[in-house]
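Undergrad:
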Amino acid sequence: MTTNDYDRVRAGIEAMTAYISGEPAMDEYIAEIRAKDGNLDQLADSATALCAALLFQIAGMTGKTQHEVLQELAHGLNRSEAEQRG
């Protein structure tokens with residue numbers, strides 16, 4: 055497993071690039087990771103590192119705390135889900 059933040063975030067970017075590229079690309083990426091490492095721990099770690107880096111950047115850009123950004127995200131998701139159901 056990668057240990058420095060740069061490698062963790064870079065791996066997270068790779069994972070998210072596969073994710074937004076569509077299901078076949080993501081399936082291939084996951085199979086490659088699983089074959090290399092035997093599990094998906096590194097994938098989870100890298101996605102978490104990427105999310106943390108993005109959260110830090112968004113908080114800095116907006117002048118809000120990281121906690122405030124997370125709360126706004128959660129509230130926005132709740133509204134969106136309620137609108138989809140209703």
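To convert, note that position 83 of the sequence shown is 137 in my numbering; the numbers rise steadily by one, no gaps. All residues carry an ideal CB built from backbone N, CA and C; glycine is no exception.
Any idea if I74 is buried or exposed, counting beta-carbon neighbours within 10 angstroms, 16 or more meaning buried?
TA: Its Cβ having fewer than 16 others within 10 Å, I74 is exposed.
Undergrad: Cβ of D59 within 8 Å of Cβ of A101?
TA: no
Undergrad: Please classify G66 as buried or exposed, where buried requires at least 16 neighbouring CB atoms within 10 angstroms.
TA: buried
Undergrad: In the DSSP assignment, the alpha helix (DSSP H) including L104 goes from what residue to what residue?
TA: Here the alpha helix (DSSP H) through L104 covers D95 to T116.
Undergrad: Quick check: the Cα distance between A106 and K118, rounded to an integer number of angstroms?
TA: 15 Å
Undergrad: If you reduce the DSSP assignment to three classes, tell me which class G140 lands in.
TA: coil
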